[in-house]
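Only one structure is covered here, and it is reproduced in the block below.
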Amino acid sequence: MQRRKFLSFTLGAVALAVVPASVRAENFRVTKPTVWTAHTVDDAIVAMFGSSETIKDGVKVKTQDVASNGGAIPIEFSTKIPAKTVALFQDANPEAAVCAYSVGKNDITDYSVKIKMAKSGTVTVVVEGLDGKLYSGSKSLEVALGGCEG
Amino acid sequence: MKVKAKLKNGVISVKAMAKHEMSTYNQAEKKTGNRENANFITHITATLKSSGETVLDMSTSQFLSKNPIFKFKFKGAEKGDVVLMNWIDRKGGTGKGKGKIKGK
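Line by line, the protein sequences give chains D and H.
Add 1345 to the 1-based position in the first sequence for my numbering, that's all there is to it.
Add 13 to the 1-based position in the second sequence for my numbering, that's all there is to it.
Dropping the structure here:
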């Protein structure tokens, strides 16, 4: 019995130790809750990365110049910089954060997502490189019809 | 949710759509009088069926569009593998979808 107990205990411990290594998911809503309540882009970037000083280079952001429907604006963003984290912000809504990606080793940092914007504004993408530096890119656009109803 | 995955030149492009209202705090207040009724997807993941490796890990806010469509890319998977996707919303609801990787 002793041996059996020992075996099941060690097997359990090994299984527990293995799982977190394969699941690298970082849920930023849990680990960084203040990001999602920040009202300005700068505050949100500081909450996310600890600093809002970014190198304004190396991040491509593509979207329409004029969005006819603020309820679904396609935003495309990509970078060639080896990245650890990529986050998207905008300054048209009550809160600034839109989404944040935790980048894995096989992920290609080329994303597209549809977002809502209440009025015209600027979208900013911040990339935290594996070198620890912050890079950003932004794009201003006009929104003809707001998608958030205030 | 709908998931489409396509392999080309070693890169898998995935297009996915989650069916979700994605209501913001302000919309919830307007409709129901209570900001706390807002409900939106907070976290989306994609993993490979073969290896269990995570290929997308996205924390999201209320500002994704209604029924959000999003695209992402990754490498290191074969044709025939399956991309499994899961989401969880603010109220604890979940959704899932899968897409087989197609290609030449």
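Glycine included, each C-beta is placed from N, C-alpha and C at the ideal position.
Establish whether the CB of residue i and some CB of chain H are separated by less than 7 angstroms.
| i | result |
| --- | --- |
| residue 1434(D) | no |
| residue 1482(D) | no |
| residue 1452(D) | yes |
| residue 1455(D) | yes |
If the cut is a Cβ gap below 8 angstroms, which residues of chain H does residue i touch?
| i | result |
| --- | --- |
| residue 1443(D) | 73, 74, 76 and 77 |
| residue 1300(D) | Any property of residue 1300(D) remains undetermined from this structure, which presents chain D solely from 1346 to 1495. |
For residue i, would you say it is in contact with chain D, using Cβ-to-Cβ distances shorter than 7 angstroms as the test?
| i | result |
| --- | --- |
| residue 55(H) | yes |
| residue 124(H) | There is simply no residue 124(H) to check, as chain H begins at 14 and stops at 117 in what is shown. |
| residue 107(H) | no |
Rounded to whole angstroms, what's the CA-CA distance from residue i to residue j? Just pull it up for me.
| i | j | result |
| --- | --- | --- |
| residue 1479(D) | residue 116(H) | 35 angstroms |
| residue 1413(D) | residue 1419(D) | 11 angstroms |
| residue 1394(D) | residue 112(H) | 33 angstroms |
| residue 91(H) | residue 65(H) | 13 angstroms |
| residue 38(H) | residue 1461(D) | 13 angstroms |
| residue 1409(D) | residue 49(H) | 32 angstroms |
| residue 1466(D) | residue 1421(D) | 16 angstroms |
| residue 1435(D) | residue 61(H) | 31 angstroms |
| residue 93(H) | residue 1453(D) | 20 angstroms |
| residue 1392(D) | residue 1477(D) | 16 angstroms |
| residue 109(H) | residue 56(H) | 12 angstroms |
| residue 1448(D) | residue 1415(D) | 28 angstroms |
| residue 1468(D) | residue 1386(D) | 9 angstroms |
| residue 1390(D) | residue 87(H) | 26 angstroms |
| residue 1429(D) | residue 1407(D) | 21 angstroms |
| residue 89(H) | residue 22(H) | 11 angstroms |
| residue 1397(D) | residue 52(H) | 29 angstroms |
| residue 1367(D) | residue 95(H) | Because the pLDDT at residue 1367(D) is just 39, under 50, the model does not fix this residue reliably, and the value given afterwards should be weighed accordingly. Distance between the alpha carbons of residue 1367(D) and residue 95(H): 17 angstroms. |
Which residues of chain D have a Cβ atom closer than 9 angstroms to the Cβ of residue i, listed in chain order?
| i | result |
| --- | --- |
| residue 21(H) | In chain order: nothing, as chain D lies at least about 12 angstroms away. |
Under a three-way DSSP split, which group does residue i fall into?
| i | result |
| --- | --- |
| residue 53(H) | coil |
| residue 60(H) | strand |
| residue 98(H) | strand |
| residue 1469(D) | strand |
| residue 1298(D) | Since the displayed chain D opens at 1346 and closes at 1495, residue 1298(D) lies outside it and no answer follows. |
| residue 86(H) | strand |
| residue 1399(D) | coil |
| residue 1373(D) | helix |
| residue 1409(D) | coil |
| residue 66(H) | coil |
| residue 1487(D) | strand |
| residue 41(H) | helix |
| residue 1436(D) | coil |
| residue 1419(D) | strand |
Chain D partners of residue i, CB-CB under 7 angstroms?
| i | result |
| --- | --- |
| residue 82(H) | 1459 |
Residue i versus chain H: which residues are under 7 angstroms apart at the beta carbon?
| i | result |
| --- | --- |
| residue 1447(D) | 70 |
| residue 1305(D) | A question about residue 1305(D) goes unanswered here, because the residues of chain D that appear run from 1346 up to 1495. |
| residue 1473(D) | Here the premise fails: no neighbours, minimum Cβ distance about 14 angstroms. |
| residue 1378(D) | Per Cβ cutoff of 7 angstroms: no residues; residue 1378(D) is ~10 angstroms from chain H at best. |
Using the beta-carbon of each residue, which ones in chain H are nearer than 9 angstroms to residue i?
| i | result |
| --- | --- |
| residue 1427(D) | Neighbours of residue 1427(D) on chain H: none; closest Cβ ~14 angstroms, over 9 angstroms. |
Requested in this report: Note down, in chain order, all residues in the region 1394-1416 of chain D with a beta-carbon under 7 angstroms from any beta-carbon belonging to chain H.
Outcome: 1416
Query raised in the report: In chain order, what residues of the region 16-42 of chain H put their CB closer than 8 angstroms to some CB of chain D?
Result: Considering only beta carbons, the part of the region 16-42 of chain H lying closer than 8 angstroms to chain D consists of 24, 35, 37, 38, 39 and 40, in chain order.
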